[in-house]
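The block underneath contains the structure these notes are about, expressed in structure tokens.
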Amino acid sequence: MSGACLLTGAAGFIGSHLADRLLAMGLTVAGVDNLSLGKSSHLATAMQARTFKFQELDVNDYPKFLDFAAEVHRQTPIQTIWHLAANSDIQAGGSNPDIDLCSTFLTSFHSLKVAQQLGIPEFVLASTSAVYGAQDRELTEDGGPWFPISNYGAMKLASEAALSSALERFLQRAWIFRFPNVVGSRATHGAIFDFVRKLRRTPHELEVLGNGSQEKPYLHVSELIEGMIHLWTSSRERLNYYNIAPDRGATTVRHIAEETIRVVSPQASIRYTGGDRGWVGDVPRFRYSIDKLKASGWCPSLSSDEAVDRAIREVAAENPV
Ligand SMILES: NC(=O)c1ccc[n+]([C@@H]2O[C@H](COP(=O)([O-])OP(=O)(O)OC[C@H]3O[C@@H](n4cnc5c(N)ncnc54)[C@H](O)[C@@H]3O)[C@@H](O)[C@H]2O)c1
14 MSGACLLTGA AGFIGSHLAD RLLAMGLTVA GVDNLSLGKS SHLATAMQAR TFKFQELDVN
74 DYPKFLDFAA EVHRQTPIQT IWHLAANSDI QAGGSNPDID LCSTFLTSFH SLKVAQQLGI
134 PEFVLASTSA VYGAQDRELT EDGGPWFPIS NYGAMKLASE AALSSALERF LQRAWIFRFP
194 NVVGSRATHG AIFDFVRKLR RTPHELEVLG NGSQEKPYLH VSELIEGMIH LWTSSRERLN
254 YYNIAPDRGA TTVRHIAEET IRVVSPQASI RYTGGDRGWV GDVPRFRYSI DKLKASGWCP
314 SLSSDEAVDR AIREVAAENP V
């Protein structure tokens with residue numbers, strides 16, 4: 014591995030863990046983030062590395078983004094763009110579609126334009142289970158066509174399409190990783206994060222959106238990072254696209270609520286708002302096939318419940334009373 018990585022969304026939950034991991038591999042990492050959802054404190058470890066550069070900027074401010082990338086590229090040629098910047102508040106994107114157009118799609122579009130302009134050969138896109146929409150069957154990478162039910166999922170699927178076209182025109186190799194729900198320290202959103210913060214504010218009652226029966230696979234961020242690095246360093250196709258998810262099980266929202274209460278505020282009761290979805294556009298349950306991931310020679314070791322239980326402790330410790 015040589016050259017630099019350009020990482021968008023570097024101060025976010027997953028981006029900051031990825032920055033730490035790429036730096037630990039001895040790589041130069043140039044991170045950008047507009048800090049709309051991420052936090053500069055997430056980069057405390059990365060900032061200590063000599064080979065880390067960070068610029069607070071909006072990826073959609075294309076001239077500024079290109080200038081920064083070009084300057085990095087002059088010093089150490091950028092080999093790979095890891096594109097993680099996006100809107101992670103799916104619910105907000107339901108009521109205001111501009112959010113996902115700009116934060117989820119246009120950030121992909123502008124990151125691809127930087128790759129084209131500077132001749133950067135590799136591109137990794139953080140995609141999502143939301144591209145699949147609501148499906149009753151086990152989700153395999155190749156079973157399309159896909160019909161997303163959220164703006165977020167639609168704009169991620171559009172980003173996958175833009176990447177595919179870029180591969181035909183100028184990229185040499187690309188990766189699309191479709192994450193399930195990712196959990197762990199530095200979370201900026203998600204059920205665990207929301208429940209911990211709600212319980213800190215109102216220790217006697219936890220409001221839960223839906224009826225608690227939503228059931229999805231949860232992956233610990235440490236395993237997501239290992240999986241992505243494994244696939245990035247070992248894949249040989251021009252376009253490499255994978256589901257990355259735990260091998261065992263899925264976790265209900267009821268389990269997350271009960272376990273968070275046990276850890277954070279054992280006297281609290283749960284108030285479900287009702288209905289089988291948390292909000293419009295929420296996919297209430299899905300099952301992922303990870304046969305392709307396993308065939309690549311790597312598989313997560315934590316079950317979905319184990320990942321959730323570990324993450325609850327981490328997020329609770331980061332959000333004290
Ligand atoms: N966390 C999950 O469960 C999950 C699941 C599926 C996919 N993903 C994808 O993984 C990636 C990382 O997600 P995350 O959970 O770390 O979310 P996050 O919100 O913590 O990280 C995204 C980062 O992008 C930054 N950002 C947003 N718009 C930007 C812009 N225009 N310019 C510069 N920076 C901008 C935000 O400030 C934030 O730091 C995203 O692409 C997300 O869609 C996450």
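In the numbering used here, the protein residues as written are 14 to 334. All C-beta atoms in this analysis are idealised placements derived from N, C-alpha and C, irrespective of residue type, glycine included.
Cβ-Cβ distance between residue i and residue j below 8 Å
i	j	result
VAL72	THR120	yes
THR201	LEU50	yes
ALA258	LEU219	no
ALA98	PHE136	no
GLY240	LEU176	no
THR117	SER172	yes
PHE3	TYR165	Residue coverage of the chain in this structure runs from 14 to 334, which leaves residue 3 outside it and unanswerable.
ALA82	ALA59	no
ALA17	GLN129	no
ILE189	HIS30	no
PRO161	ALA167	yes
HIS86	ARG199	no
PRO313	ASP260	yes
ARG210	ASN332	yes
VAL266	ALA320	no
VAL195	ILE27	yes
SER247	SER309	yes
Residue burial classification, residue i (beta-carbon count within 10 angstroms, cutoff 16)
i	result
LYS229	buried
ASN100	buried
VAL293	exposed
GLN185	exposed
VAL334	exposed
LEU315	buried
PHE217	It is worth fixing the name first, because residue 217 is His in this sequence and not Phe. Exposed.
LEU244	buried
GLY156	exposed
GLU272	buried
SER278	buried
ASP322	buried
GLY106	buried
ASP149	exposed
ARG251	exposed
ARG191	buried
Sequence-distant residues of its chain with Cβ nearer than 7 Å to residue i (five each side left out)
i	result
SER302	GLU151, LEU152, THR153, ASN256
SER124	THR21, VAL72, ILE94, HIS96
GLY197	HIS233, VAL234, SER235, ALA324, GLU327
LYS169	THR117, SER140, THR141, ALA143, VAL144
SER53	ALA24
VAL45	THR21, ALA23, GLN68, LEU70, VAL72, PHE78, PHE81
ALA270	PHE208, LEU219, VAL221, GLY225, ILE283
ASP318	GLY262, THR264, HIS268
PHE122	ALA175
ILE242	ARG34
GLY291	LEU222, GLY223, GLN227
LEU206	Residue identity differs from the one stated: residue 206 is Phe in this sequence, not Leu. So the qualifying residues of the chain are ALA200, VAL328.
HIS112	The sequence given here has Ile at residue 112, not His. These residues qualify, in order along the chain: ASN100, ALA105, GLY106.
TRP311	GLY240, HIS243
ALA281	LEU212, PRO216, HIS217, GLU218, LEU219, ILE274
Contacting residues, own chain, Cβ-Cβ under 6 Å from residue i (five flanking each side not counted)
i	result
ALA57	none
THR286	LEU222
LEU19	ALA43, ALA82, ILE91, ILE94
ASN47	ASP71
ALA62	LEU36
THR89	ALA17, THR41
PRO134	GLN185
TYR75	HIS123
Chain-order list of residues whose beta-carbon lies under 8 Å from that of residue i (same chain, five-residue window excluded)
i	result
VAL276	ILE325, ARG326, ALA329
PHE183	ALA128, GLN129, GLY132
ASP289	GLY223, ASN224, SER226, GLN227, PRO297
ASN253	ARG186, ALA187, TRP188, ILE189, LEU244
> Quick one: complete alpha helix (DSSP H) runs, 4+ long, within the stretch 66-147?
Replying inline: Complete alpha helix (DSSP H) runs here, min 4: 75-88, 103-108, 120-131.
>> Report the start-end ranges of each beta strand (DSSP E) in the stretch 160-240 that is 3 residues or longer and not cut off at the edges.
In response: 186-192, 194-196, 218-221, 231-233
>> List, from N- to C-terminal side, the beta strand (DSSP E) runs of 3 residues or more that fit wholly inside the stretch 238-299.
In response: 252-256, 282-285
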